[in-house]
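Before any comments, here is the structure.
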Amino acid sequence: MGFQRRTDYRGQNASHLHILTRSEENESLPLYDRYRPGRNKAPALSVTMARSIEDIMKMIAIRSAVYIAEQACPYLEEFDDNDFCATHLLGYVGEEPAACMRIRTFAGFAKIERLAVRKEYRNTRIAFQVVRAGIELCRVKGYEVLYGHAQRRLVNFWGRFGFKPIPGAPEFVFSDFDYVEIRLDMKASPQSITIGLDPYVMIRPEGRWHMPGILEKSASRPVTRPSVAENAA
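For the sequence shown, our numbering assigns the number 12 to the initial residue and increments by one for each residue that follows.
Now the structure itself:
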């Protein structure tokens, strides 16, 4: 859970207390962008978006361990041609990739999928961190409806975040499990990304709209239009 035994608290002996220390830096960042390599000591929990082929490999490893190894899902059903057109979140316990979730976006709603937590980390709250990060990310992107397919046995888990089964929707089956359609209605973030914002915000790295990107730094150079000048010559 992240609690550690303390021998003192505010100058007083307090060996009976367990303290959860939070990073001020991380607390100021969005839930979906709190992992910083080399700065996370177990059992600290953090989440980030997959940004590199190595991150995608971590996602594949986690889902292979959970869905293919534990739930006997066939490879071609688990990796279903949707991974390279989706956003992936990675959850960390310390420096170890422990969980992942996929998000696909459509007109008017986003769909959350493939939440997976490695068996050895299911006694942590990393699943909750990843789901909350996914919800926050979708709100910042302006979505007010989230949709998902929940295994029947996990409907109550999703209910903790406000998801509800869609009334009248039939149960259905794929990859040997029974599923229920679920939906979450929410409000878009007041800081959602919309037309009319600073144009530099739009070209920042995905999920890092809260900090300047490399293209903003390039604006310090004078306009030279190098390719245009070469063609004119």
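Backbone N, C-alpha and C define an ideal beta-carbon position, used for all residues, glycine too.
Fair warning: this is a prediction, and the values are worked out from it, not measured in the lab.
- The stretch 202-210 makes contact with the stretch 149-158: 3 or more CB pairs, one atom from each, lie closer than 8 Å.
- If you check the CB distance, D187 and R163 do not come in under 7 Å.
- Residues of the same chain with a CB within less than 7 Å of the CB of K52, apart from the 5 flanking positions on each side, are G105 in chain order.
- Linking K175 to P181 through their CA atoms gives a straight-line distance of about 14 Å.
- Residue state for M197 is assigned as coil, using DSSP reduced to three classes.
- The stretch 36-45 makes no contact with the stretch 76-88; the number of CB pairs closer than 8 Å stays below 3.
- Within 10 angstroms of the beta-carbon of P85 lie fewer than 16 other beta-carbons, which makes it exposed.
- Nearest to R45 by alpha-carbon distance, out of F183, R219, R74, is R219.
- Under DSSP, the beta-bridge partners assigned to T116 are A121.
- With respect to the 7 Å criterion, A109 and Y43 are not classified as neighbours on the basis of their beta carbons.
- The DSSP-derived three-state label of E106 is coil.
- For the stretch 141-185, the continuous alpha helix (DSSP H) assignments of 4+ residues that do not extend past its boundaries occur at 166-170, in sequence order.
- Here R215 really is in contact with G224; their C-beta atoms are around 4 Å apart, less than 8 Å.
- The DSSP-derived three-state label of M222 is coil.
- Contiguous beta strand (DSSP E) elements confined to the stretch 48-75 occur at 56-60, taking only those with 3 or more residues.
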